[in-house]
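Before any comments, here is the structure.
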Amino acid sequence: MPDNLLEIKNLRIEATVYAPGEKPRDVVIVDDVSLSLARGKVMGLIGESGAGKSTIGLSALSYGRGGIRLSGGEIRLNGKQIRGASPSVLRSLRGKEVTYVAQSAAAAFNPAKKLMEQVTEAALKHGVMSKDEAEKRAVELFRTLSLPDPENFGNRYPHQVSGGQLQRAMTAMALCPKPDLVIFDEPTTALDVTTQIDVLAAIKTAIAETGVAALYITHDLAVVAQVSDEIMVLRHGKMVEHGTVQQIIEAPREEYTQALISVRSIEHEQMQPTPAPLLKVDGVFARYGSMSKDVLSDVSVELHPGQTLALVGESGSGKSTMARVITGLLPPRQGEITFDGKPLPPALKQRSREELRELQMIYQMADVAMNPRQTVATIIGRPLEFYFGLRGRKRDERVQELLDAIELGKGFGDRYPAELSGGQKQRVCIARALAAKPKLIICDEVTSALDPLVADGILKLLLDLQKREGVAYLFITHDIATVRAIADSIAVMYQGRVQRYGPKDQVLSPPFDDYTDLLLSSVPEMELGWLEKVLAHRKMTSAGN
Amino acid sequence: MHPVLKLVIQRLALGLLLLLAASVLIFVGTQILPGDVAQAILGQGATPEALANLRSELGLDEPAFTRYIEWLSSALQGDLGTALSNGRDIASSIGGRLQNTLFLAAVAACISVPLAIFLGLLAVRYRDRWPDKLISAITLTSISLPEFLLGYVIMYFFSVQWGLFPSVSNINSGMSFLEKLNAVALPAMVLTLVVLAHMMRMTRAAILNVMQSAYVETAELKGLRRFTIIARHAMPNAIAPIVNVVMINLAYLVVGVVVIEVVFVYPGMGQYLVDHVAKRDVPVVQACGLIFATIYIGLNILADVISILSNPRLRHPK
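Each protein sequence line maps, in turn, to chains A and B. The first sequence begins at 9 in our numbering and counts up by one. The second sequence begins at 303 in our numbering and counts up by one.
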């Protein structure tokens, strides 16, 4: 038996892209990557989107998504070369020697089948154990992963359990056939922070108890530091740095790794409330259609001119509904919104053009917020025509000013959204909102779809523009780090209510209420042993109660 | 109440309502036709007195609404009235023919539905390779040919050339099940070819749609065989669209087989209907219309109910 479980040498992965109007061409996705993983060890693969980390992870199953080809190098699993192995050889090792945990368990489970059937399927198919043994093992794994009612958990259908539970069930599914290696592909990225910490702890326990080796893929260095023994940093399909967790976190050698670690270094001096708030939300209740429960109940917050109010909360806490209420898309059931001293008509249709102009919005998904068939200049020019009647040269000049303001050069006006990167698209959306010269911009999770370094640039730009234009932001996010960086005041939302509200320094300093404490302590920190510390702290406080 | 039960009851109620509407249409439609039954019975040379007498005897002078209620209530009790052309009770003469039609449809369905679904699965398994293309080519050819031509071609080879099956599908109640099967072999074959393509293409499209899902990748990474993935993981999530197309085709097998029945001289509903339409026998046309509408609506409601039941989110709410 060879020493290393997984041995990848000089791996090269290519894909053919079919760009519209061009000849199909080959692009290199992963270039000359080598790694070796010993039994029972966990290696973290980290990088931004497009770094090729998922592609490398899947190559350990000799699998390529879409038109991806594993075109060169060696992939040895248990000493066997698996790159280019026959389909029947691959079938015999997928689901038996190596298994996979996907980012979205909600999509990766078959909605038509019970969890138990899916969890035990691979073990039964490969004849690893009998049906009774497999089900017994599954129940044990459910227990290890602290799933509720482990005896009966498997009788449920995927839609009957929560997202965090499903992610743990997927881990049970991967561990059930007693594999040698598990590939975890961003298993906690789609979860709320308070859920993420439980899943992370469950995965860590399960890895320790089963002694399985793992490749743990994520873009979050703080997360990977909690579970792995060593870390490989990837960028543009190439290896940047490889070392033990301690070395990477405490003494990164490469500049890129250092940038990843010191991300969120934004300095923002908190401003004090002014006597006249720009936006005043007073006792708002709102619900959708014929729902019997309020999505927002008794929400009151204030936002001062030229400042930033951050709305923080998990999915389902009502943050985005707040944006819909303020913009008039969802008129409130009760309560009032005052803007610049005047009451704002509740419904969008009742608002004047001037009222519309002063309140702009930037969305999470910049791709779908722009018409793909319009050029950047048309997109930014539209509000100039609509609100100010600018045409011809005057409009072009203003468009150019705005492009300069968002730090994009001259040539960008003629491009289409598809020709921009994610960060550039979000910048164009910012320019479009600015074009209306608004007093308030609602930013709905504007950085959550972006890589950390790119997101950092966007936040810096937003703060810069705030200083220059005096615009106020209502910043909706689930990311505490972002809030720390840019907010002047904070409202913590929980189940449609404002749990905690005030200036940033007050909200973020103790004493905390239970929920805010849970939320703040769940944010992964770039520190070895952070996970254990938090869990131990929680055990103590819960034992104390 | 369980939400699924509620949905199913809603569908059934909707079906009944639809059926009622269809019965109104059938009744009104036959009333709009020029001339009336009395005229049809007595012919062009009838005296006005004779016509008036017959009309009051048949109840034709009553208001249309009263006649509709009477017609519908007796139809619900199984009394479809009397045929004008031969004075026989419609229910008893349709009974045997309806059975024959249903028998032929059932035989064709038993062959075509499993075959279509299997071919659909096979086409997905070998997508864009020669088996897929061959299956598509054959089924599309068979659906493109007019069914009577298909009928004669099949009759020529299977009956005239090779003498395997009878060319005239005569069946009666004295025959054994196997003899009956033998008799309907050729029309069933033609019907199968006619409905196969539609069902197979839909199965293929519905499953291909599901094959994009992440859980299909999960199954693949478990090392399952491709056919197992298609049949066990993709198929259960594609039931709703498949069932809908299957039911439309089953309905066609019952109500759309006139041409085939004529080609093979099969004593089914279709021929009976054609005969009596030619004779302007309104009560028979109404009765057949009502039966066909019932079958059509019934099968489509059944498709809806199966679609509802196949959805685990509705079957097992949170």
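Positions of the beta carbon are idealized from the N, C-alpha and C atoms, including for glycine.
Between the C-alpha atoms of L155/A and F161/A there is a straight-line separation of about 8 Å. In the DSSP assignment, Y481/A falls within the unbroken beta strand (DSSP E) covering 480–485. Relative to the Cα of Y371/A, the nearest Cα in the group G537/A, A331/A, P354/A belongs to A331/A.
Around the beta carbon of T524/A, 16 or more other beta carbons sit within 10 angstroms, so the residue counts as buried. Annotation: S67/A to F117/A spans about 21 Å, alpha carbon to alpha carbon. Between G331/B and chain A, the shortest Cβ-Cβ separation is not below 9 Å. Contact between the stretch 567–587 of chain B and the stretch 400–412 of chain B is established, with three or more Cβ pairs separated by less than 8 Å. Bounds of any alpha helix (DSSP H) do not take in E22/A; it lies within the beta strand (DSSP E) bounded by 12–25.
By the criterion of at least three beta-carbon pairs nearer than 8 Å, the stretch 159–176 of chain A is in contact with the stretch 108–116 of chain A. Rounded to whole angstroms, L356/A and C451/A show a C-alpha spacing of 18 Å. The C-beta of P391/A has 16 or more other C-beta atoms within 10 Å across all chains shown, which makes the residue buried. Within 10 angstroms of the beta-carbon of D496/A lie 16 or more other beta-carbons, which makes it buried. R102/A and E522/B have their C-alpha atoms roughly 8 Å apart.
DSSP places H250/A within a strand segment (E or B) once states are collapsed to three.
For K357/A, the three-state secondary structure derived from DSSP is helix.
With respect to chain B, the C-beta atom of P156/A has no partner C-beta closer than 9 Å. Residues of chain B whose Cβ lies closer than 8 Å to the Cβ of P119/A are, in chain order, Y517, N539, P614, R615.
Judged by their CB atoms, L451/B and F460/B are not nearer to each other than the 9 Å cut-off. Among the residues of chain B, those whose CB is under 7 Å from the CB of Q168/A are H618, K620, following chain order. In this structure, M537/B sits away from A605/B, with a CB-CB distance that is not shorter than 9 Å. Below the 8 Å Cβ cutoff, chain A contributes R99 as neighbours of R527/B, in chain order. Rounded to whole angstroms, the separation of the alpha carbons of V106/A and G60/A is 19 Å. With a contact defined as Cβ atoms closer than 8 Å, L19/A and Q234/A miss out at about 27 Å. Y224/A has a beta carbon lying at 9 Å or more from every beta carbon in chain B. For K327/A, the secondary structure class from DSSP, reduced to helix, strand or coil, is helix. In the structure shown, the three-state DSSP call for G52/A is strand. Close CB contacts of M534/A within its chain, under the 8 Å cut and outside five residues either way in sequence, are with L229, A230, A233, I257, I269 (chain order).
Rounded to the nearest whole angstrom, the CA to CA distance from D39/A to D237/A is 24 Å.
Among the residues facing chain A, A533/B is not included, as its CB has no counterpart in that chain under 9 Å away. Boundaries around F150/A are those of the alpha helix (DSSP H), 139–152, since no beta strand (DSSP E) includes it. Taking a beta-carbon distance threshold of 9 Å, A508/B does not count as an interface residue toward chain A.
Here R73/A is exposed: its Cβ has fewer than 16 other Cβ atoms, across all protein chains shown, within 10 Å. Between G349/A and V289/A, the C-beta gap is not smaller than 9 Å, which leaves the two residues out of contact. Residues of the stretch 306–335 of chain B that bring their beta carbon within less than 8 Å of a beta carbon in chain A are absent altogether. Excluding sequence positions up to five before and after D200/A, its CB lies within less than 7 Å of the CB of E322, S323, H486, all in the same chain and listed in chain order. Taking C-alpha positions only, S325/A is separated from G171/A by approximately 15 Å.
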